[in-house]
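In the working numbering, the protein residues as written are 27 to 324. For glycine and all other residues, C-beta sits at the position ideal for the given N, C-alpha and C. Predicted model, so just to flag it, every value in this text is computed and none were measured. Working notes, beginning with the structure itself.
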Amino acid sequence: MILCFVEKGIDKMSATITIRPKGFFSKKLTLKDVLPEELSYGIPDGFERLDEGKEGEYTMLFDPENIGRGFQIRFDGATTELHINYPNSRHDIELCYMMAQRICQLQKVDCFEYEGECVTLDRIEQIIQRDIDATVYTLQVYAEKIRSGESKSIIIFGAINPFEIGERELDIFGEDIDKFSAWLNEMQQRDVYYGVPHFYEKQDGSTFGAFAVKAGVASVMPVQPSIPLRMRNQFEVSDWYVLLGYSDGRKTGSLAMIDYSGLAEHISKGEYYDAGHAVVNLTDSDVEHLLETYAVSL
27 MILCFVEKGI
37 DKMSATITIR
47 PKGFFSKKLT
57 LKDVLPEELS
67 YGIPDGFERL
77 DEGKEGEYTM
87 LFDPENIGRG
97 FQIRFDGATT
107 ELHINYPNSR
117 HDIELCYMMA
127 QRICQLQKVD
137 CFEYEGECVT
147 LDRIEQIIQR
157 DIDATVYTLQ
167 VYAEKIRSGE
177 SKSIIIFGAI
187 NPFEIGEREL
197 DIFGEDIDKF
207 SAWLNEMQQR
217 DVYYGVPHFY
227 EKQDGSTFGA
237 FAVKAGVASV
247 MPVQPSIPLR
257 MRNQFEVSDW
267 YVLLGYSDGR
277 KTGSLAMIDY
287 SGLAEHISKG
297 EYYDAGHAVV
307 NLTDSDVEHL
317 LETYAVSL
């Protein structure tokens, strides 16, 4: 498995658009000033899931009716930056430059910087096509690496949550940006809980990871649990567990934890989600059986 940022697009994996207003007394914009009503926003949490409605130094913008990978906005004084990653959906690429044009108009400038190049507004369609070409090329690179066996899978970050791309995903969209865009939106419109681990220290000083799964909640669970990207190289995990809960919230008793391997059968029989995950939907009876069979005491 490899991560999205170690791959190469045409020259890079992202683009930066910078809008610099003229004059010393230019208006400092805020998200409220520039955000169209049809777009939503948020910031990624430590697991690359969207924390919607929050702002950060880099804030993610996306269309909730057509979700791709989104794009980011950053305000630095009167200067505004937009960042877009490849591969991305056609819709998000177009939205990003719609936003660039909107900000230029608010700041009364007729050009922006694209990776250091001065671009006038009448060239926006040309730059959009450049980003579309970069997306197609990146998808070609992904396909080559996965189908050749050089990489088993590739992780990308969507606007809502991460995805792991493998051969099955390539069979769906291959190198086609419109099929890729449709897949991103379909996946992120699903009503599922994307499970993430939390980490705790045992009495012996070792660290264990634990996921939470509640009966009646469709939960995206990893086939093989691992430490999230932002936490890697910080510590090692000795064991993995799952904290189980009943649908009505009733107490599970003192032994509510099972070894992660106890969930293996449900993961293998669960609905395929992506190259590294399955959707698990436990019943209360499943929870009861798992606790009776696999409960552990820590």
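Those residues which DSSP pairs with residue i across a bridge
i: residue 267; result: 236, 285
i: residue 68; result: 78, 86
i: residue 111; result: 40
i: residue 303; result: 248, 300
i: residue 188; result: 183
i: residue 256; result: According to DSSP, residue 256 bridges with nothing at all.
For residue i, the nearest candidate out of the options (CA to CA)
i: residue 192; options: 208, 211, 165, 154; result: 165
i: residue 176; options: 278, 78, 167; result: 167
i: residue 124; options: 44, 150, 106, 100; result: 150
i: residue 286; options: 90, 252, 197; result: 252
i: residue 130; options: 108, 214, 142, 40; result: 108
i: residue 61; options: 250, 143, 128; result: 128
i: residue 319; options: 119, 300, 289, 294; result: 289
i: residue 218; options: 158, 242, 163, 225; result: 242
i: residue 98; options: 43, 284, 245, 248; result: 43
i: residue 134; options: 213, 72, 118, 52; result: 52
i: residue 225; options: 237, 216, 276; result: 237
i: residue 209; options: 121, 272, 275, 117; result: 117
Range of the contiguous alpha helix (DSSP H) that encloses residue i
i: residue 164; result: 150-173
i: residue 312; result: 310-320
i: residue 225; result: Careful: residue 225 lies outside any alpha helix (DSSP H), inside the beta strand (DSSP E) at 224-227.
i: residue 59; result: 57-60
i: residue 194; result: 193-199
i: residue 293; result: 290-295
Classification of residue i by the beta-carbon crowding that lies within 10 angstroms, buried from 16 upward
i: residue 195; result: buried
i: residue 315; result: exposed
i: residue 261; result: exposed
i: residue 323; result: exposed
i: residue 296; result: buried
i: residue 211; result: buried
i: residue 303; result: buried
i: residue 32; result: Its pLDDT being 33, under 50, residue 32 is placed unreliably in this model, and the value from its coordinates should be taken loosely. The residue in question, residue 32, is exposed, as its Cβ has fewer than 16 Cβ neighbours within 10 Å.
i: residue 70; result: buried
i: residue 229; result: exposed
i: residue 294; result: exposed
i: residue 93; result: buried
i: residue 95; result: buried
i: residue 317; result: buried
i: residue 161; result: buried
i: residue 313; result: buried
i: residue 308; result: buried
i: residue 67; result: buried
Extent of the continuous beta strand (DSSP E) run through residue i
i: residue 181; result: 180-183
i: residue 145; result: 143-146
i: residue 129; result: Here residue 129 belongs to no beta strand (DSSP E); instead the alpha helix (DSSP H) covers 116-132.
i: residue 212; result: Segment 203-214 is the alpha helix (DSSP H) holding residue 212; no beta strand (DSSP E) there.
i: residue 140; result: 137-140
i: residue 261; result: Element bounds for residue 261: n/a, residue is neither H nor E.
Minimum Cβ-Cβ distance from residue i to chain D less than 9 Å
i: residue 304; result: No chain D is part of this structure, which consists of one protein chain only.
Worksheet item: Quick one: any contact between the region 231-244 and the region 261-276, if contact means 3 or more CB pairs under 8 Å?
Response: yes
Worksheet item: Is there contact here, the region 65-78 with the region 170-187, by at least three beta-carbon pairs under 8 Å?
Response: yes
Worksheet item: When the Cβ atoms of the region 139-155 are set against those of the region 79-86, are three or more pairs found closer than 8 Å?
Response: no
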